[in-house]
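In what follows, a single structure is set out as structure tokens and then discussed.
Structure below.
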């Protein structure tokens, strides 16, 4: 391990922090040198440009990215949860490498924090980046995002149950700090999980309005993890199927229905405190300000669904396909009336609705996915479901309630995972620091 | 086969044609009824809206799509070749079903033309679409693009060598009309082709600035093909790695290098006539105004590449990674000087350059792809290479020249296909009509 990682992050403001945090382990001391020559974000760009063949200030385009499109990395909560849902997702699950120790885990989280705090601001993973360093070593940054703005990139880190304890025991001395409810999800009726697209010691949710930016983030974070953690599985997604702010139109999933009409919105702080953020009074205390992420890869039997008559599709969902209104009447945002028979007893909207679940709500943040097609010529497509909740029991209760969902005939849950999402890092600290206090 | 398909497309203007073309086979006569009630594109939208539960004119959002972002489907050449490269790709290869006949192929091409001419204008596949038809039958349109604009969608159709003749013989009575040069590409040094991602009787290239729009197009065209053709393989792509107009910045591929600097541009009509469009004097005459499409799925050994030192990366490509300038000097658009030793004898830019290949040029239109990762935790990623040329020999000659390309150590060609791209359809006709004259 590179010693530079240990005393990482000491600055106060995000910009200083991005500049002052140590370079990722393995990215060498050239990073520090570059930072010494630079000083702040703006001068970094010039510093990088000055080193270029041709003399063009390459870094400038990224440093000058539209500020509205760059989300703060540091804060009370991690970004990427209530952030307005971006157009693209690259989700990745990682496993720690054999024979790694507590310091490896801590420095990995520090190095990831450092790189994420830079990339979310439209910067490269280090000051010397793709082309500003010593030409006789591999570049720090892989370069495919050079010239692209931050593109709304958020990077959200999670800690899986197996990180705290697995068949090898308490590898990192954190077993006693595992949140009691952080454990592999129970089997649900109809589960058809592929271990190749399930679970993982760690996860990273990278969302951006440009897929190249999201892919660049996961690729470079994977590279930074070299020798410490390894990509277990990953999935790209598009066309956000939930909205998290009231000015976002409700998008449609691959069944052609609006999805996310009744989602928890970013400005509903009461609902967020009630249903999404772990409270200071919750256990364990290091999770305060955090959340729990559930990912479910839900394959849709597209071709079968497409042969269902429209009235039956409406009945299954409990909403009108056109405007998304509940079948009990009104417009998209009308409260469904479950008293009469307009909405089927096993319609999706009824079974999933808070009023039918003791008020349980979750914040959904899913994306559509298409992974080509299978040997029968059927699209390998569906919903990459992501939800954030204060306690995993919220998801478990809702998912159990959906066991009689009429939609189940047309979907298969093929991937699953759960991760603790620590609070946001303070400038000068790193994501997950509270776990090691 | 539905008789309505036979006397398809008789109107003169694109709009009339979209309205007057027959509904896709299998999508029933309800389409025609809807058209009779409507009349033009604008009134169609109202017609659809009027049928909705809730009474909201749903079709309107798509019909009012920004005209600048909707490309004409009909024309001298098919769209999607010189069209400014969009952000997203869904490419699909199809095989005809057993026991289909010439009429099946013709009506399929007619039905695809009809649906493509609508979807590229931001309309649904038929007048009744996803929610405007009889609720007691499956909807014509799958609905996930409802409310989305045309998003620059282009749909480009191709005819593979196996369509003209395969092990079952001359299934469609067109073997004698096969372009002599339309045959499966020869094996190239280092090929590692997977038949599951190669070849196909037909292909469709759907490009759009919104992936949901491109996916919607392929899904609905697959659905329309039901019983006649079946999806053989498909691939999503993003982050165009070529530019086709001079106002597009040169994007970067997943090696982090600018790609497409020296591409043929849409306004270079002399180069297009010389190198891309089949001339009226070329054989066969039914291909005049068309082109030939080569697709190569090129896996990149990302992690290996990322460990190569910067100077070596530059040497392999023959360009500077930062600004994309040839190593012989100048800026990105400077002509490379191959006289000296600045550019390695086996650098990619040298071997691929027209000056080193008797002036041979092709129009490239590739995209990056990422299909998750493999069991070793390595990204399954690379370049989905697409090129258009007047004659397949152009690609073959260039690809043979690349046999000593230093880049080959870091790539594997894992998929391949070639298709004849007929000229654009005239309003009132359909793509490929000339083949059946």
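Chains as they are written, first to last, in this note's numbering: chain A, 72 to 508; chain B, 72 to 508.
Glycine residues also receive a C-beta, built at the ideal position from the N, C-alpha and C atoms.
Interface partners of residue i on chain A, CB under 8 Å
i	result
residue 382(B)	206, 207
residue 420(B)	None at all; the shortest Cβ gap to chain A is about 15 Å.
residue 320(B)	218
Contact set between residue i and chain A, taken where Cβ atoms lie within less than 7 Å
i	result
residue 333(B)	The contacting residues do not exist; residue 333(B) stays about 17 Å from chain A at best.
residue 309(B)	282, 283
residue 301(B)	448
residue 202(B)	381, 392, 393
residue 423(B)	Result: empty, since nearest Cβ-Cβ is about 20 Å, beyond 7 Å.
Distance between beta carbons of residue j and residue i, contact taken as under 8 Å
i	j	result
residue 145(B)	residue 495(B)	6 Å
residue 454(B)	residue 369(B)	5 Å
residue 151(B)	residue 227(B)	4 Å
residue 342(A)	residue 432(A)	6 Å
residue 410(B)	residue 201(A)	Between residue 201(A) and residue 410(B) the Cβ distance is about 29 Å, and since that is not below 8 Å, they are no contact.
residue 253(B)	residue 232(B)	5 Å
residue 488(B)	residue 366(B)	5 Å
residue 374(A)	residue 449(A)	5 Å
residue 166(A)	residue 272(A)	5 Å
Chain B residues whose Cβ lies nearer than 7 Å to that of residue i
i	result
residue 377(A)	209, 213, 294
residue 348(A)	Ordered by position in chain B, no residue passes the 7 Å Cβ test against residue 348(A), which lies about 31 Å from the chain.
residue 304(A)	443, 444
Burial state of residue i, where buried means 16 or more other Cβ atoms lie within 10 Å
i	result
residue 461(B)	buried
residue 260(B)	exposed
residue 404(B)	exposed
residue 491(A)	buried
residue 209(A)	buried
residue 290(A)	buried
residue 384(A)	buried
residue 207(A)	exposed
residue 120(B)	Reliability of the predicted coordinates at residue 120(B) is poor, the pLDDT of 27 falling under 50, and the value obtained from them is presented with this limitation in mind. Counting Cβ neighbours within 10 Å, residue 120(B) comes out buried, since at least 16 surround it.
residue 390(A)	buried
residue 242(B)	buried
residue 447(B)	exposed
residue 305(B)	buried
residue 408(A)	exposed
residue 316(A)	exposed
residue 133(A)	Reliability of the predicted coordinates at residue 133(A) is poor, the pLDDT of 34 falling under 50, and the value obtained from them is presented with this limitation in mind. So residue 133(A) ends up on the buried side.
residue 225(B)	buried
residue 430(B)	exposed
residue 244(A)	exposed
residue 172(B)	exposed
residue 442(B)	buried
residue 318(A)	exposed
residue 250(B)	buried
Proximal residues of chain B, C-beta to C-beta of residue i below 8 Å
i	result
residue 217(A)	323, 327, 393
residue 231(A)	In chain order: nothing, as chain B lies at least about 16 Å away.
Chain-ordered chain A contacts of residue i [CB-CB under 9 Å]
i	result
residue 486(B)	Correct list: empty, because the minimum Cβ distance to chain A is about 11 Å.
residue 439(B)	215, 282, 283, 286
Check: What are the complete alpha helix (DSSP H) segments, minimum 4 residues, inside the stretch 356-391 of chain A?
Finding: If only complete runs of 4 or more residues are kept, the stretch 356-391 of chain A shows the alpha helix (DSSP H) at 373-376, 381-388, in order along the chain.
Note to self: Beta carbons nearer than 7 Å to chain B: which residues of the stretch 277-294 of chain A have them?
What the structure shows: Of all residues in the stretch 277-294 of chain A, only 282, 283, 286, 290, 294 place a beta-carbon less than 7 Å from a beta-carbon of chain B.
Check: In chain order, which alpha helix (DSSP H) runs of at least 4 residues are fully inside the stretch 184-263 of chain B?
Finding: List check, alpha helix (DSSP H) in window: 232-235.
Item checked: Under 9 Å (Cβ pairs) to chain B, residues found in the stretch 357-374 of chain A -> So the close ones are 373, 374.
Item checked: Those runs of the alpha helix (DSSP H) which lie wholly inside the stretch 416-478 of chain A and span at least 4 residues -> Within the stretch 416-478 of chain A, the complete alpha helix (DSSP H) segments at least 4 residues long are 419-423, 463-472, listed from N- to C-terminus.
Next item on the list: Taking a Cβ distance cut-off of 8 Å, strictly less, list which residues of the stretch 233-262 of chain A are near chain B, in chain order.
Entry: Taking 8 Å as the Cβ-Cβ cut-off against chain B, none of the residues of the stretch 233-262 of chain A qualify.
Next item on the list: Output, in sequence order along the chain, the residues in the stretch 448-467 of chain A whose CB is closer than 8 Å to any CB in chain B.
Entry: Hits within the stretch, in order: 448, 449, 450, 452.
Next item on the list: Could you run through the stretch 140-167 of chain A and flag, in chain order, every residue whose CB is less than 7 Å away from some CB of chain B?
Entry: Correct list: empty, as no residue qualifies.
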